[in-house]
Amino acid sequence: MTITFSVAATQTFLTMLNGLANVLKKAEANALERKIDPSVFLNSRLAPDMFPLVRQVQISTDSAKGVVHRLAGRDIPKMEDNETTFAELQARIAKTIDMVKAIPASELDGQEAREIIMKRPSGDVTFNGQDYLLIHGLPNFLFHVVTAYNILRHNGVPIGKEQYFGRA
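Numbering (the numbering used here), first residue to last: 34 to 201.
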């Protein structure tokens, strides 16, 4: 069996967004159990020049919805970046999952050669669809998901690889 472009473009996002929701759920429970104000976790970062947990989740969700919408040739839905609670982050993840699922496979399959232009302050970067997904989109998404996970681990939340993948 061969893998389709639509499967490559959606299954990682869906699996890892569910995993991200899972680790956030564990983090919220851990904060309550340890009597830690949840904002401590939400505003934590790994280094002073890195984004805090809230922003890592926002970027992760922006990346997932942005990749599939760009590949499908659709406008990317906007989301406000105003989440301040675990519940609001969970709602954002759920909304993103719905957005990813809403793109039919027929709009993704065959888009390997689609020209994708990323507007950057330093200048435009052009990819074909396959390189955009495999070299930019998925790695960027996974970077921010794993950074969110690592922020929580750094703060003593008892999560592991099983939770990261949404299996526990």
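Every residue gets a Cβ at the ideal spot worked out from N, C-alpha and C, and that includes glycine.
Quiz prompt | Sheet register partners of residue 161 (DSSP bridge) | solution = 148
Quiz item: What are the boundary residues of the alpha helix (DSSP H) that includes residue 120?
Solution: 119-134
Practice problem: Inspect the beta-carbon positions of residue 79 and residue 159 and report whether they are closer than 8 Å. | Solution: Not a contact, by the Cβ cut-off of 8 Å.
Practice problem: Could you check if residue 189 is buried or exposed, using at least 16 other CB atoms within 10 Å of its CB as the buried criterion? | Solution: Taking all protein chains in view, the Cβ of residue 189 is surrounded by fewer than 16 other Cβ atoms within 10 Å, so the residue is classified as exposed.
Quiz item: For residue 92, which residues from the same chain have a beta carbon less than 6 Å from its beta carbon, with the 5 sequence-adjacent residues on both sides left out?
Solution: 177
Quiz item: Taking DSSP as the reference, what is the three-state secondary structure of residue 90?
Solution: helix
Quiz item: Between the segment 45-57 and the segment 148-156, are three or more C-beta pairs nearer than 8 Å?
Solution: At 8 Å Cβ cutoff, the stretches do not touch.
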